[in-house]
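Positions 1 to 729 (full-length UniProt numbering) are the ones given, in order, by the sequence shown. Ideal Cβ positions, reconstructed from N, Cα and C, are used throughout, including at glycine. Take a look at the structure below.
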Amino acid sequence: MAEDLLRLPKRGESLEEVGSECFEELASRLFFKPAEYRRDRYVMHDLLHDLAIFLAGDFYCRLEELGEQEKKKALTRHLSHVPYRWFDHTSSKVFKSDMKPEYLRTSLYIDDLLSKKSRASKLKYLRVLSFGQLYVLPDSIGKLIHLRYLNLSGCSIGRLPESLCNLYNLQTLILYQCRFLTMLPNGMHKLVNLQHLDLRKTSLEEMPRGISKLKHMPILDYFAVGKHEDNGIQEFGGLPNLEGSFEIKKLENVVDVSQARSARMLEKNHIDKLLLEWSSGNKMVSKIETLRDILHNLQPHNGLKELTIKGYKGERFPDWVGHYSYNNMTKVSLMSCKNCFMLPSLGQLPSLKSLRIEGFDQLKRIGDEFYKNDSDHHSSPIAPFPSLEELVFDNMPCWEEWHVPHPEAFPRLRTLEIRNCPMLTGDMLNNILWRRVCCLREDEEGRCDEMVGGGDALSVRPSQSFNATTINHLRISGCPSIVSLSLDVFPNLNNLEIRECENLESVSMSEAPHAALQSLTISECPELVSLAGEGLAAPNLTHLNLVFCSKLEALPRDMKSRLPSLHSLLIYHCPNICRLAEGGLPPNLKGLRVGIGEQQMRDLSWMGNLHALTHLTIKGRECKNIKSYPEVGSLPHLPSLTTLQICFFHNLETLECNELLRLTSLQQLHIDWCPRLEHIEGETLPLSLLLLQIEQCGLLGEHCENKHKLIWPKISHIPTIEVNRKKLS
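Structure, rendered in structure tokens:
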């Protein structure tokens, strides 16, 4: 849009819509494709990129290429630089080359481009300007009068110069993640062509005055309510064309109902995601009911899809929160509502899929009001929460009781997470929570296994009448009341995470295989001694993680036969594991990360059958007496291993080359946080290595950088050597 490459919009069509159509067409032709690891980002195929570079000729230039071809870059219009380090300053290359700054239309990530005042006049025809890391935006920015697009995402700027308001042609201003930015220039209302202002994740105290004069700006993501009439919530009411996702913050500055009404929230019917936030640490309004009335008058249109309310200081919610007429609502988050003693009636939202309740300090009981508003005679007779798939409770210090009145509640629940709810007792979990929301397997006579109360333990008995629903992802965190847990209660569970349950002693299961379980994580459970009676049988388990379980003494028995599909095993900070794997580890294991006791670390023969292992991490925090590693004869032959990481051996002094030669397929060696490591003994590191990466190993790092005569001959054959992220030539 900034380069005038888009066709003119048709009547009723915005430039953003034209641009989206253009992009989608290019993506459909595979000109762009989703990035492999970030599906919300796109990349160009390598061959198309090479073709584009060829066709672009001298009009496009990356500063990394300047040098031998400086003479050929006089016609450059579009310039970019992706530095290895953010403090690489390279604009001097631009002004010392044959490149003509007055021809430039695009500059990407050249952070010192405007560092000298004299340069701005030469760059005044820039249309697109983006910075990677910037601490001060100079006043000379105001001279770039043709600028259409300015991106300061992630920059550490604390203020914007008033001269910015001279950029009358500016269409897009992105300030996303400028966390130190607390205010905008007073003259922002002069930017009459501004169409997109991104203020998310900034620290704005209030909006500049007169922002409602920008009536044609459809894309504004954030509004910080000020204390004055010309930057208060009334100004928000004067912006009719807002759309998409929107955040309204500093709502504590709305002090009466008439101000809230002036926001005209019901008219903003193109907003589909809304955050309403009151800042913490502010004075309370004298009348609690006033807060409820203010929120009542901030009611959004009923086509809203996602709603977050954060920091609300009232005791109860108005009736619109959870009203069944919001039939498009799929996600609700209620957070840090510290004075609320009652949840709103959310059970009748027909499309609600995700619900998060967090930081309700006064809430003691969840009762009938959570499922249906008795005063609403139009409520549907359907089961409460008919579409809910994910339910999270977090940081509820006084929550003691959870009442579930309807036997068919939560029919589609798949993920349940309960964190930091210390007063929710084991009995309550047994008698209410598990029997309501966990799918139980029927036996041959049509009966189900039902959870019953057993103090803080979980036990099972047959039942003919219980009919519950399916959960396949369960996270239990910060529940000190749980002492034991049976996996037999959850036959359809795919993913189970147990974290910070300080009194959990055992996780058990019957001898029958648990066919559904695919991932199991147990972390920060210091009293855990037994894992499934050491007889965990899960034929489809692929990931097992055990972290900070200081009393755990052994891995499950017969892992080779009981866990045949296990691909990834992580064991950190479990120093009392003295019996690693009777019968051997599963032969299909591909990734192994271990940080265990010294005795087991010295002799690694227990991993001798791992012929499929490709990635191995050895963490030495528990190995204070190991000074040379791997010890002679300790490392088995691992024919498929391609990546080895050795880290956190704080007293390690010597790396034994000859032992690593047994790893004939090794391509990457990472050595991290071994501060005393200085020597490499033996002939040479494996010839198959393509990458040696050394981080925070002071002595060895210095020897590599200085090409020490006793070190360099043993590593010089490796194509890529990096020390503290610096590539050595």
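One alpha carbon belongs to glutamate 36, the other to asparagine 231, and they sit about 43 Å apart. Taking every protein chain shown into account, the CB of lysine 313 has 16 or more other CB atoms within 10 angstroms, so this residue is buried. Within the DSSP bridge table, the entry for methionine 335 names Lys310, Glu358 as partners. Taking C-beta atoms under 8 Å as the contact rule, histidine 270 and glutamate 243 qualify, at a distance of about 4 Å. Going by C-alpha positions, isoleucine 596 is about 47 Å away from serine 351. The alpha-carbon separation between glutamate 205 and valine 321 amounts to approximately 27 Å. The beta carbon of proline 185 is closer than 6 Å to those of Leu160, Glu162, Leu164, Cys165 in its chain, skipping five residues each way along the sequence.
In this structure, phenylalanine 131 and leucine 152 form a Cβ contact; the two beta carbons are roughly 6 Å apart against a cut-off of 8 Å. DSSP, read as helix, strand or coil, puts proline 185 in coil. The C-beta of leucine 700 has 16 or more other C-beta atoms within 10 Å across all chains shown, which makes the residue buried.
If you look at histidine 703, you'll find it isn't in any beta strand (DSSP E); it sits in the alpha helix (DSSP H) that goes 698 to 705.
Non-local C-beta neighbours of phenylalanine 385 in its own chain, meaning closer than 7 Å and more than five positions away in sequence, comprise Gly347, Leu352, Ala409, Phe410, ordered along the chain. CA-CA distance, proline 422 to serine 634, rounds to 46 Å. Rounded to whole angstroms, the Cβ separation of leucine 504 and valine 489 is 15 Å, and the two are not in contact under 8 Å. Judged by DSSP secondary structure, leucine 691 falls within the beta strand (DSSP E) whose first and last residues are 691 to 695. Under the three-state reduction of DSSP, asparagine 658 is assigned to helix. In the DSSP assignment, alanine 612 is bridged to no other residue. For isoleucine 646, no alpha helix (DSSP H) run applies; the uninterrupted beta strand (DSSP E) run containing it begins and ends at 643 to 647, by DSSP. Residue burial annotation: histidine 228 is exposed, with fewer than 16 other C-beta atoms found within 10 angstroms of its C-beta. Rounded to whole angstroms, the separation of the alpha carbons of methionine 1 and glutamate 16 is 8 Å.
A check of alpha carbon separations from glycine 359 across Leu343, Cys337, Pro344 identifies Cys337 as the nearest. CA-CA distance, histidine 403 to aspartate 368, rounds to 7 Å. The beta carbon of threonine 415 lies closer than 6 Å to those of Glu390, His473 in the same chain, with the five residues before and after it left out. In this chain, the alpha helix (DSSP H) harbouring histidine 296 covers 288 to 296. Its chain contains Gly314, Glu315 as the residues whose beta carbon lies nearer than 7 Å to that of isoleucine 288, once the 5 sequence neighbours on both sides are disregarded; these appear in chain order. Using a Cβ distance threshold of 8 Å, leucine 343 and isoleucine 366 count as a contacting pair. Taking the Cβ atoms as the reference, glycine 682 lies roughly 4 Å from asparagine 658, within the contact range of under 8 Å. Sequence-distant partners of leucine 528 (beyond 5 residues in either direction) whose C-beta falls short of 8 Å from its own C-beta, in its chain, are Leu504, Glu505, Ser506, Val507, Ile522, Cys549, Lys551, Leu552. Excluding five sequence positions before and after glutamate 21, none of the CB atoms of its chain fall closer than 6 Å to its own CB. For the options Leu175, Lys143, Lys122, the alpha carbon positioned closest to that of leucine 134 is the one of Leu175. Assignment of beta-bridge partners to aspartate 672 by DSSP yields Cys647, Glu695. Lysine 249 sits in a strand when the DSSP states are folded into three classes. Per the C-alpha coordinates, the member of Arg127, Ser80, Leu114, His708 positioned closest to leucine 108 is Ser80. Closest by C-alpha distance to lysine 116, out of Lys143, Ala516, Glu267, is Lys143. Cα atoms of serine 140 and leucine 114: separation of roughly 7 Å, rounded to the nearest angstrom. Around the C-beta of proline 713, fewer than 16 other C-beta atoms lie within 10 Å, and the residue is accordingly described as exposed.
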